[in-house]
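> When you number the sequence shown by the working numbering, it's gap-free, plus one each residue, and the end is 625. Beta carbons are placed, not taken as given, at the ideal position from N, Cα and C, and that holds for glycine.
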Amino acid sequence: MKIAILGTGYVGLTTGVCLSEIGHDVVCLDINEEKINKLRAGISPIYEPGLEDLIIKNASAGRLLFTTSYNEGLENAQIIIIAVGTPQSDDGAADLSYIESAALNIASHLNSETIIAIKSTVPVGTNEKIRDLIRKNCSEEIKFEMVSNPEFLRQGSAVKDTMKADRIIIGCENKVVAQIVQEMYAPLNVPFLVTSIRSAEMIKYASNAFLASKISYINEIANICEVVGANVEDVAMGMGKDNRIGEAFLNAGIGYGGSCFPKDVKALLHTAQSNGIEFSFLKDIIAINENQHELLVMKALRRFGELSGRKIALLGLSFKPNTDDMREAPSIKIARSLNSLGADVVAYDPVAINNARNIIGDTITYASSVKEALSGSDAVFIVTEWKEFTELDLSRLSDQMKNPIIFDGRNCIVEDRLRECKYVEYYPVGKPSILINNQE
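Dropping the structure here:
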C-alpha cells in the first residue's frame, strides 16, 4: 500500500518506519525541515532503540521517504495517518491545533479517494470534527473515510510495541474501510478490535488513565508500607499473582511522567467535567503522582535536616530508560526543588542531557559520566533506572562519594549487592532503609 504519515514524533516516525519494514511504501511528512533533513541522512531525531537502523534499511530499499511537501506526501496515498502532537492546554484539555492544521493541509492537497486515520490521542468526537473540517475545505468530488486508530506505544520499546502489539484498535463505521486498514496491518499478525469511532477514541484515554491509576495506587501503598514496616515489592508481587489484578504497573517509585499519562489523565478529566461528570478519582491520581515526584527530596530532608550546600548526584533525567524524552519527567521537579533548597545538583543521563538542559536550564551542573556526578557527593538520587545505574560498582562508592548515601527512586538496586559496600545508607521506596557498615 501507499501510506502517508503526518508527523515524525515517536508515534508517527515509529509507525511509518515499521509499516515500511513490513513492505508498504511510506512517505513520512513533517513541516520541520531540520527533522526531515536529519531523517534523509539516516539520523533519527529521537532516541529509540532499533529505530535508526530500520530508517536506514528501509530508506535504502526505497520503501521509506521523508518530505516537507504535502503534494509529494499525499500523492496517491491510499491511507493517510495523522500522528501529530496533541499537547495539553492550560485547562487540561487536549490542544487540537496541530491536528486541525494537518486537516486543512490534507483538504487542500487531497486529490484521490483515501482513508484518513487519526493515530494521535484525541478526545471523543474529534474524528467527526476533523471529518467535517476536511469536507468543508476540500473538493466535493473527493471521497474519503475517517478511521480512529489509537496507538499504544511505550517510549523505549516503541518498535517492539508496534511489531508485536497486544492489539490494534480500529474505530470505523464502514466495514469495508475497516477491512482495508486491517489488511495494512495484517503482516504484523496481531489481534484486531473493530469498534465505533467514539469507542476507539475513548479506549486510548481509558487505558492510559487505568494504568496511571495502578501506578498511583501502588505508590500510596508504598507510603503505607514504609510507615508500618512492610515491603511494597512483596505486597506488589502478592497482588500481581492475582490474575484479576496482574503484575504490570505495580512498581513503586517516584511517579509517572512522559508524553502520555500526565496529559491523557488530565484530558480525560477535562472531558468528564465538560460533560457534567466530576470523576474525582482522576483528581486523586494526579495529586498522588505530583506528590510522589517530591518523595526523594523529602527523604533527603529527613536524613540531613537541610540540604543547603550539599552536593547531590542526580542519576537519570529522562522520564524512563531507553529514551531521551524529558516531557513531565520527575527529574525536572526534583532538580528544581533541590536547587531551591540550596543543594549543589550534578546530574547525569546517558542520552537526555541536551533535552534536560533545554528544560531545566543551567541552574544545575551536568556531568559527562556517572563517576563525575558521584565525585565528592553527599548523596545520590537514582531517578531513572538506566542499566548503567542499576549495575553501579557499589564497592567503590565509599571512594567516590563524600557520603555513600543512596536514595533509590526506582527500587532498582539489588539489595544483596549493598553488601559489597564498606559503608552505605540505602533509602528505597516502600521498603525499610538499609545501613551497611563493614568498616570496622
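1. Rounded to a whole number of angstroms, what is the C-alpha to C-alpha distance between Val-362 and Val-379?
2. Just to confirm my understanding: we take Ser-522, look at its own chain, exclude 5 residues before and 5 after, and list those with CB closer than 7 Å. What are they?
3. Around the C-beta of Asn-474, are 16 or more other C-beta atoms found within 10 angstroms, so that it is buried, or is it exposed?
4. Which whole runs of the alpha helix (DSSP H) in the stretch 543-580 are 4 residues long or more, in chain order?
5. Is Asn-622 helix, strand or coil when you go by DSSP?
6. Of all the options Asn-261, Leu-236, Arg-248 and Gly-197, which has the alpha carbon lying nearest to the alpha carbon of Ile-284?
7. Between which two residues does the beta strand (DSSP E) containing Thr-380 stretch?
8. The beta strand (DSSP E) spanning Ala-433 covers which residue range?
9. Relative to the alpha-carbon of Glu-313, which residue among Met-331, Ile-228, Glu-325 and Val-269 has its alpha-carbon at the smallest distance?
10. Who are Leu-191's beta bridge partners in DSSP?
11. If we ignore side chains and look at the alpha-carbon of each, how far apart do Ser-401 and Gly-440 end up?
12. Pick from Glu-336, Asn-290 and Ala-520: whose alpha carbon is nearest that of Ile-319?
13. Which value, in whole angstroms, describes the spacing of the CA atoms of Gln-585 and Val-531?
14. So, under 8 Å CB-CB, Gly-192 and Val-269 are touching, yes? Tell me the CB distance rounded to an integer number of Å.
15. Relative to the C-alpha of Pro-589, which residue among Pro-515, Glu-605, Tyr-232 and Asn-374 is closest?
16. Just how far apart, CA to CA, sit Leu-502 and Val-614?
17. Relative to the C-alpha of Ser-554, which candidate in Leu-500, Ser-583 and Asn-436 has its C-alpha closest?
18. Alpha carbon to alpha carbon, what distance is there between Ala-279 and Val-307?
19. Helix or strand or just coil, what does DSSP make of Gln-273?
20. Rounded to a whole number of angstroms, what is the C-alpha to C-alpha distance between Leu-453 and Met-186?
21. Buried or exposed for Met-387, going by 16 or more other Cβ atoms inside 10 Å?
22. Counting only the same chain and skipping the five closest in sequence on each side, list residues whose C-beta sits under 8 Å from that of Glu-358.
23. What are the partner residues of Leu-249, as DSSP defines its beta bridges?
24. So, with DSSP's three-state summary, where would you put Gly-356?
25. Please state the DSSP three-state secondary structure of Ala-302.
26. On the three-pair Cβ rule with 8 Å, is the stretch 572-585 touching the stretch 411-424?
27. Exposed or buried, Thr-672, counting other C-beta atoms within 10 Å across all chains shown (16 or more means buried)?
28. By Cβ distance, which residues of its chain are closer than 7 Å to Leu-492, with the 5 residues on each side in sequence left out?
29. Does the beta-carbon distance from Gln-273 to Lys-505 come in below 8 Å?
30. Which of helix, strand or coil does DSSP assign to Ala-391?
31. By DSSP, does Ile-327 sit in helix, in strand, or in coil?
32. Return the residue from the list Ser-305, Tyr-608 and His-294 that minimises the CA-CA distance to Ile-266.
33. Closer than 8 Å, CB to CB, is His-209 near chain D or not?
Let me spell this out:
1. Within the sequence shown, the letter at position 177 stands for residue 362. Within the sequence shown, the letter at position 194 stands for residue 379. In a straight line, the C-alpha of Val-362 is about 11 Å away from that of Val-379.
2. Locating residue 522 in the sequence shown gives position 337, counting from the first residue. Closer than 7 Å at the Cβ level, and outside the excluded window around Ser-522, lie Glu-479 and Val-482.
3. If you number the sequence shown from 1, residue 474 lands on position 289. Here Asn-474 is buried. Its C-beta has 16 or more other C-beta atoms within 10 Å.
4. 555-559 and 572-575
5. For the purposes of this step, residue 622 is taken as residue 437 along the sequence shown, with counting starting at 1. Collapsing the DSSP output to three states places Asn-622 in a strand.
6. Residue 284 sits at position 99 when you count from the first residue of the sequence shown. Of the candidates Asn-261, Leu-236, Arg-248 and Gly-197, the one whose C-alpha sits nearest the C-alpha of Ile-284 is Gly-197.
7. Taking the sequence shown and counting its residues from 1, one reaches residue 380 at position 195. Note, Thr-380: beta strand (DSSP E), 377-380.
8. As a position in the sequence shown, residue 433 is number 248, starting the count at 1. Where Ala-433 is concerned, there is no enclosing beta strand (DSSP E), given that its DSSP letter is neither H nor E.
9. Reading the sequence shown from its first residue, position 128 is the one you call residue 313. Residue Met-331 is the option with its Cα nearest to Glu-313.
10. As a working mapping, residue 191 is identified with position 6 in the sequence shown. In DSSP, Leu-191 forms a bridge with Leu-214 and Ile-267.
11. Residue mapping note: residue 401 aligns to position 216 of the sequence shown, counting from 1. Residue mapping note: residue 440 aligns to position 255 of the sequence shown, counting from 1. Distance between the alpha carbons of Ser-401 and Gly-440 is about 7 Å.
12. Within the sequence shown, residue 319 is the residue found at index 134, counting from 1. With distances taken between Cα atoms, Ile-319 lies closest to Asn-290.
13. In the sequence shown, residue 585 corresponds to position 400, counting from 1. In the sequence shown, residue 531 corresponds to position 346, counting from 1. Distance between the alpha carbons of Gln-585 and Val-531: 14 Å.
14. Indexing the sequence shown from 1 puts residue 192 at position 7. Indexing the sequence shown from 1 puts residue 269 at position 84. Gly-192 to Val-269, Cβ: 4 Å. Contact.
15. Locating residue 589 in the sequence shown gives position 404, where the first residue counts as 1. Residue Glu-605 is the option with its Cα nearest to Pro-589.
16. Translated into the one-based positions of the sequence shown, residue 502 becomes position 317. Translated into the one-based positions of the sequence shown, residue 614 becomes position 429. So the two alpha carbons sit approximately 18 Å from each other.
17. Here the question's residue 554 lines up with position 369 in the sequence shown. Ranking Leu-500, Ser-583 and Asn-436 by Cα distance to Ser-554 puts Leu-500 first.
18. Locating residue 307 in the sequence shown gives position 122, counting from the first residue. Locating residue 279 in the sequence shown gives position 94, counting from the first residue. Rounded to whole angstroms, Val-307 to Ala-279 spans 7 Å at the Cα level.
19. Position 88 of the sequence shown, counting from 1, holds the residue named residue 273. Correct three-state label for Gln-273: strand.
20. Here residue 453 is taken as the residue at index 268 of the sequence shown, counted from 1. Here residue 186 is taken as the residue at index 1 of the sequence shown, counted from 1. Whole-angstrom Cα-Cα distance: 34 Å.
21. For the purposes of this step, residue 387 is taken as the residue at position 202 of the sequence shown. Met-387 should be labelled buried.
22. Numbered from its first residue, the sequence shown carries residue 358 at position 173. Same-chain partners within the cutoff: Ser-381 and Ile-382.
23. Translated into positions along the sequence shown, residue 249 becomes position 64. In the DSSP output, where bridge partners are listed per residue, Leu-249 has Val-211.
24. What you label residue 356 is simply residue 171 of the sequence shown in a count that begins at 1. DSSP places Gly-356 in strand when its eight states are reduced to three.
25. If you number the sequence shown from 1, residue 302 lands on position 117. It is a strand residue.
26. Judged by pairs of C-beta atoms under 8 Å, the stretch 572-585 does not touch the stretch 411-424, as fewer than three such pairs exist.
27. This structure gives no information on residue 672, because the portion of the chain shown stretches from 186 to 625.
28. As a first step, residue 492 must be located in the sequence shown, where it is residue number 307. If we look at Leu-492 and ignore the five residues flanking it on each side, its Cβ neighbours are Ala-485, Leu-486, Leu-523, Leu-526, Gly-527 and Ala-528.
29. Residue 273 sits at position 88 when you count from the first residue of the sequence shown. Residue 505 sits at position 320 when you count from the first residue of the sequence shown. Result no, Cβ atoms of Gln-273 and Lys-505 do not sit closer than 8 Å.
30. Here residue 391 refers to the residue found at position 206 when the sequence shown is read from its first residue. Three-state result, Ala-391: helix.
31. For the purposes of this step, residue 327 is taken as the residue at position 142 of the sequence shown. Residue state, collapsed to three classes: coil.
32. Working through the sequence shown from its first residue, we reach residue 266 at position 81. When each option's Cα is compared against that of Ile-266, the closest is Ser-305.
33. Judged by its chain identifiers, the structure shown contains no chain D, having just a single protein chain.
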